[in-house]
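In structure tokens, the structure reads:
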């Protein structure tokens, strides 16, 4: 078997066979869409619920996901935590706020506006934007800048495939993304004490955006994205800190200038444009040398060493050749 | 009310948060590992820290409240509130050192260097230790006038705790702003009383 890109696996990372088989069973079950086939050994809360509120076209596109060689075989973080422990400040800054306060958000119908240095500019229905693109399941590590991490089975389309469809001009050097602004559905956007500006803006260099690991996610755990995870469309860049992976994307802009991102604007000393996972460059207020793989237990805090580029160095380190990563953090 | 009964009732009140937190821990250990979320140790550290802060605020509230409702019994319970505050602060530290650091002292050294707010919190904890250690009747009698002066340490301790909180927050300052407002109002009240009486 070919080793997944950028993996540095040790014995402790190997998923026990029983769990692995359970996962297979769960995938099969969700593919058929029958809750009755759910692996009985899985606790209900660990698997996704069988009801998916997304439109049928998206459900069926997600259901046809193929598996990807980029997936890690590390143990999955249970569904309950992937969807119940989130940083999505648009819904509040508590880890459980996005799940609790995100349920009034309406991710459908959804449109994406494309502008800037591309031929394919305009406003598109999400269905048209994604039509014909093959969805893949990719199990990625997610490393939060707060020094915790999860392993998450995303569904999505390779970003390169989506962007190529929009025909960026050769003058486009960066691509910026913007989260939807709907304070009436996103209570955090109207909060008086909010320390960041909305709408949330993120960006990538074109070569980062076109990298095969970069994913435009449409689902997680075999179903479409729940609101708290960035429905209906979000970025996933596994070698960067989680805040780069912008949620509920409403706008895509191709530009020749490095976009100013939300966290950079809020605190440039603590959060840079690149935000590559790097154990050698500490956050000014805490170390990034280790992370706590969630879920932890009361008596085992599950500290693991953080890897350069979150373990994807073999695949992406070349993008930053010759750059001083302590300067471009 | 019967004095003994009142005191007993009050002591149970101090233990309520411990009972609440203890129940959650029992749940996690025995039948529902997710009762404290995906990061139970961190949740526990936060719960104890917040409870300690509540009691710190409660201690500071005693003087103005008893002046308002003339409840002398409240004044007599102030030391118990203070000891409870120290107790929860101690649990906050123990759960941090034992569960998050797993007693790995080289990690503590690293943390102290990288996270200066831990030093600030630790200093506040030391002050609370001194206060709790001298909160018995023997110390009150032995220290006499100096006891009152010593116990003014609670004010710098409260300020350090706020700095500790402020430094921990990543971007949302709502909570720390609220607590700061409460503590600063209480300190302002003290200062005005002082200037009035002198």
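Chains as they are written, first to last, in the numbering used here: chain A, 4 to 332; chain B, 364 to 561.
Just so it is clear, CB atoms sit at the ideal spot from N, CA and C, and this is done for glycine as well.
Only a predicted model underlies this, so the values are computations on that prediction, with no experimental measurement involved.
Requested in this report: Would you mind listing the beta strand (DSSP E) stretches within the region 252-325 of chain A that are 3+ residues and don't spill past its ends, in chain order?
Outcome: Runs found: 252-258, 293-296, 306-308.
Query - Distance between residue 325(A) and residue 31(A) (C-alpha atoms, nearest Å) - result: If you number the first chain from 1, residue 31(A) lands on position 28. If you number the first chain from 1, residue 325(A) lands on position 322. In this prediction, residue 31(A) scores a pLDDT of 44, lower than 50, which makes its location untrustworthy; the coordinate-derived value is nonetheless stated afterwards. If I take the Cα positions, the gap works out to 45 Å.
Query - Limits of the beta strand (DSSP E) - the one that residue 155(A) falls within - result: By 1-based counting over the first chain, the position of residue 155(A) is 152. First-last of the beta strand (DSSP E) with residue 155(A): 151-161.
Report task. Check whether the region 129-136 of chain A touches the region 74-92 of chain A, counting contact only when three or more Cβ pairs, one atom from each stretch, lie closer than 8 Å. Result -> Result no; under three Cβ-Cβ pairs closer than 8 Å.
Requested in this report: Evaluate contact between the region 143-155 of chain A and the region 237-254 of chain A, counting only Cβ atoms and requiring at least three cross-stretch pairs below 8 Å.
Outcome: Yes, since at least three Cβ pairs between the region 143-155 of chain A and the region 237-254 of chain A fall closer than 8 Å, the two stretches touch.
Requested in this report: Spell out a yes or no on whether the region 379-389 of chain B and the region 401-411 of chain B are touching, meaning 3 or more CB-CB pairs, one atom from each, closer than 8 Å.
Outcome: Yes, since at least three Cβ pairs between the region 379-389 of chain B and the region 401-411 of chain B fall closer than 8 Å, the two stretches touch.
Query raised in the report: Among 456(B), 400(B), 425(B), 426(B), which one has its Cα closest to the Cα of residue 81(A)?
Result: Translated into positions along the first chain, residue 81(A) becomes position 78. Measuring C-alpha to C-alpha distances from residue 81(A) to each of 456(B), 400(B), 425(B), 426(B) identifies 400(B) as the nearest.
Report task. Report the neighbours of residue 130(A) on chain B: residues whose CB is nearer than 8 Å to its CB, in chain order. Result -> For the purposes of this step, residue 130(A) is taken as the residue at position 127 of the first chain. Those within 8 Å of residue 130(A) in chain B number zero; the least Cβ separation is about 34 Å.
Query raised in the report: So, helix, strand or coil for residue 122(A), using DSSP?
Result: On the first chain, residue 122(A) is found 119 positions in, with the first residue counted as 1. Assignment of residue 122(A) by DSSP, reduced to helix, strand and coil, places it in the coil class.
Requested in this report: Using a cut-off of 7 Å between C-beta atoms, extract the partners of residue 446(B) located in chain E.
Outcome: You won't find chain E in this structure, because its protein chains are A and B.
Query raised in the report: In the structure shown, what three-state DSSP assignment does residue 219(A) receive?
Result: Within the first chain, the letter at position 216 stands for residue 219(A). Strand at residue 219(A).
Requested in this report: Output the boundary residues of the alpha helix (DSSP H) element that contains residue 148(A).
Outcome: Residue numbering aside, residue 148(A) sits at position 145 when the first chain is read from its first letter. Per DSSP, residue 148(A) is not a residue of any alpha helix (DSSP H), being assigned neither H nor E.
Report task. Indicate the three-state DSSP secondary structure (helix, strand or coil) for residue 387(B) in the structure shown. Result -> Indexing the second chain from 1 puts residue 387(B) at position 24. For residue 387(B), the secondary structure class from DSSP, reduced to helix, strand or coil, is helix.
Requested in this report: For residue 172(A), collect the residues of the same chain with a Cβ closer than 8 Å to its Cβ; drop the 5 residues on either side in sequence, then sort them by chain order.
Outcome: Residue 172(A) sits at position 169 when you count from the first residue of the first chain. For residue 172(A), where only same-chain residues beyond five positions count, the Cβ hits under 8 Å are 120, 121, 122, 257.
**Report entry** Terminal residues of the beta strand (DSSP E) in which residue 182(A) lies
**Finding:** Numbered from 1 along the first chain, position 179 holds the residue referred to as residue 182(A). Here the beta strand (DSSP E) through residue 182(A) covers 177-182.
Report task. State the CB to CB distance for the pair residue 288(A) and residue 478(B), rounded to an integer number of angstroms; the pair is presumed to be in contact (CB under 8 Å). Result -> In the first chain, residue 288(A) corresponds to position 285, counting from 1. In the second chain, residue 478(B) corresponds to position 115, counting from 1. The C-beta distance from residue 288(A) to residue 478(B) rounds to 6 Å, short enough to fall under 8 Å.
Report task. Excluding the 5 residues preceding and the 5 following residue 419(B) in the sequence, name in chain order all residues of the same chain whose CB lies nearer than 7 Å to its CB. Result -> Position 56 of the second chain, counted from the first residue, corresponds to residue 419(B). Cβ within range, chain order: 448, 521, 524.
Query raised in the report: To which residues does DSSP link residue 238(A) through a beta bridge?
Result: As a working note, residue 238(A) is residue 235 in the first chain. In DSSP, residue 238(A) forms a bridge with 219(A).
Report task. Indicate whether at least one CB of chain B lies closer than 7 Å to the CB of residue 51(A). Result -> Taking the first residue of the first chain as position 1, residue 51(A) is located at position 48. By this cut-off, residue 51(A) is not an interface position.
Report task. Could you pull the start and end residues of the alpha helix (DSSP H) that residue 54(A) belongs to? Result -> Here residue 54(A) refers to the residue found at position 51 when the first chain is read from its first residue. No alpha helix (DSSP H) contains residue 54(A), which DSSP labels as neither H nor E.
Report task. List the residues of chain B whose Cβ lies closer than 9 Å to the Cβ of residue 102(A), in chain order. Result -> Counted from its first residue, the first chain places residue 102(A) at position 99. None at all; the shortest Cβ gap to chain B is about 11 Å.
Query raised in the report: Under 7 Å, do residue 183(A) and residue 265(A) count as touching if we go by C-beta distance?
Result: Residue 183(A) sits at position 180 when you count from the first residue of the first chain. Residue 265(A) sits at position 262 when you count from the first residue of the first chain. No.
Requested in this report: Within 10 angstroms of the Cβ of residue 98(A), are there 16 or more other Cβ atoms? Answer buried if so, exposed if not.
Outcome: Your numbering for residue 98(A) matches position 95 in the first chain. Buried is the call here.
Query raised in the report: Helix, strand or coil: how does DSSP classify residue 129(A) here?
Result: Taking the first residue of the first chain as position 1, residue 129(A) is located at position 126. Three-state DSSP puts residue 129(A) in a helix.
Query raised in the report: What is the DSSP secondary structure of residue 139(A), reduced to helix, strand or coil?
Result: As a working mapping, residue 139(A) is identified with position 136 in the first chain. DSSP places residue 139(A) in strand when its eight states are reduced to three.
Report task. Indicate whether residue 318(A) and residue 238(A) have their beta-carbon atoms separated by less than 7 Å. Result -> Numbered from 1 along the first chain, position 315 holds the residue referred to as residue 318(A). Numbered from 1 along the first chain, position 235 holds the residue referred to as residue 238(A). Their beta carbons are not under 7 Å apart, which means residue 318(A) does not touch residue 238(A) by this criterion.
Query - Closer than 7 Å at the beta carbon, the chain A residues around residue 473(B) - result: Here residue 473(B) refers to the residue found at position 110 of the second chain. Ordered by position in chain A, the residues that pass the 7 Å Cβ test against residue 473(B) are 290.
Query raised in the report: Got a sec: which bits of the region 195-206 of chain A sit with their beta carbon under 9 Å from any beta carbon on chain B, in order along the chain?
Result: Within the region 195-206 of chain A, the residues whose Cβ lies closer than 9 Å to any Cβ of chain B are, in chain order, 195, 196, 197, 198, 199.
Report task. Determine whether the Cβ of residue 21(A) lies closer than 7 Å to any Cβ atom of chain B. Result -> Taking the first residue of the first chain as 1, we reach residue 21(A) at position 18. Residue placement at residue 21(A) is poorly supported in this model, since its pLDDT is 49, which falls under 50; the coordinates are not used for a value here.
Requested in this report: With DSSP as the reference, label residue 538(B) as helix, strand or coil.
Outcome: Counting from one through the second chain, the residue named residue 538(B) turns up at place 175. Collapsing the DSSP output to three states places residue 538(B) in a helix.
Requested in this report: With DSSP as the reference, label residue 467(B) as helix, strand or coil.
Outcome: The residue labelled residue 467(B) in the question sits at position 104 within the second chain. It is coil, neither helix nor strand.
Report task. Take the Cβ of residue 501(B) as the centre, count every other Cβ of all protein chains shown within 10 Å, and call the residue buried at 16 or more, exposed below. Result -> Counting from one through the second chain, the residue named residue 501(B) turns up at place 138. Exposed, because fewer than 16 other Cβ atoms sit within 10 Å of the Cβ of residue 501(B).
Requested in this report: Could you check the C-alpha separation between residue 300(A) and residue 79(A) for me, to the nearest Å?
Outcome: Numbered from 1 along the first chain, position 297 holds the residue referred to as residue 300(A). Numbered from 1 along the first chain, position 76 holds the residue referred to as residue 79(A). Taking the Cα positions, residue 300(A) is about 15 Å away from residue 79(A).
Report task. Classify residue 332(A) as helix, strand or coil using the three-state DSSP reduction. Result -> For the purposes of this step, residue 332(A) is taken as the residue at position 329 of the first chain. Looking at residue 332(A) - three-state DSSP - the assignment turns out to be coil, as it is neither helix nor strand.
Requested in this report: Report buried or exposed for residue 383(B), applying the criterion of at least 16 other Cβ atoms within 10 angstroms of its Cβ.
Outcome: Translated into the one-based positions of the second chain, residue 383(B) becomes position 20. Counting Cβ neighbours within 10 Å, residue 383(B) comes out exposed, since fewer than 16 surround it.
Query raised in the report: Which word fits residue 512(B), buried or exposed, when buried means at least 16 other C-beta atoms lie within 10 angstroms of its C-beta?
Result: As a first step, residue 512(B) must be located in the second chain, where it is residue number 149. By the neighbour-count rule (16 or more Cβ atoms within 10 Å), residue 512(B) is not buried but exposed.
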